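The C-terminal residue of the sequence shown carries number 1162 in this note's numbering, and the numbering is unbroken.
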Amino acid sequence: MITTNHSGQPSVRGFTMVEALVALLVLSIGLLGVGLMQFSSLRSNHGSSLRSQATFLAYDIADRMRANRAAAIDGGEYDIALAAAGASGTVAGDDLIRWKQSLADTLPGGDGSVARTQVTNAAGGTPITVTTFTVTVRWNDSRDPAEAPLQFVMETQL
1005 MITTNHSGQP SVRGFTMVEA LVALLVLSIG LLGVGLMQFS SLRSNHGSSL RSQATFLAYD
1065 IADRMRANRA AAIDGGEYDI ALAAAGASGT VAGDDLIRWK QSLADTLPGG DGSVARTQVT
1125 NAAGGTPITV TTFTVTVRWN DSRDPAEAPL QFVMETQL
């Protein structure tokens, strides 16, 4: 709307339709950016939650091995490969069955393995055997089955 002021000069009041549309466009781009940041944040939060669960489950089997130390070190009853099932009938076998089930229930595509390594060191005359366990937890953090699974690897000595 164009009007004249007291000096006879034309003056413009209000917004034109183009100005309003430009303001709306800038606002919508800003809101779209905020929405994308929120989506990215949620995705990262989910990934970190899965990593925390994987860490917790790795320490869970390590604690079970510490509680059943003789079977873990001497018998090697906690050794298990990826995609293998534990055999029930022993405390170690039942621990592995429960652990593998927890992996499958908690993590998408969750699986795990435990490998035992024993090294005997005879330095100083007295042989000392050190037993190291490598616990591996794998899961799929993506909806794409072709993407490689993520893994958490932990080593512990008993």
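Positions of the beta carbon are idealized from the N, C-alpha and C atoms, including for glycine. Small disclaimer: the values here were computed from a predicted structure and weren't measured.
Asked: Close beta carbons around residue 1080, own chain, < 6 angstroms, minus the five adjacent residues each side; Found: 1120
Asked: Residue 1068 and residue 1099 closer than 8 angstroms at C-beta; Found: yes
Asked: Cutoff 7 angstroms; reference residue 1085; Cβ partners in own chain excluding five residues on either side; Found: 1117
Asked: Of the listed residues 1062, 1129, 1150, nearest to residue 1157 (C-alpha basis); Found: 1062
Asked: For residue 1150, three-class secondary structure by DSSP; Found: coil
Asked: Residues that DSSP places opposite residue 1132 in a beta bridge; Found: 1125
Asked: Helix, strand or coil at residue 1098 [DSSP, three-state]; Found: helix
Asked: Per DSSP, the bridge partner or partners of residue 1141; Found: 1116, 1156
Asked: Residues bridged to residue 1057 (per DSSP); Found: DSSP lists no partner for residue 1057.
Asked: 8 angstroms Cβ shell around residue 1137 - same chain, five flanking residues per side excluded; Found: 1066, 1069, 1076, 1082, 1118, 1119, 1120, 1121, 1159, 1160, 1161, 1162
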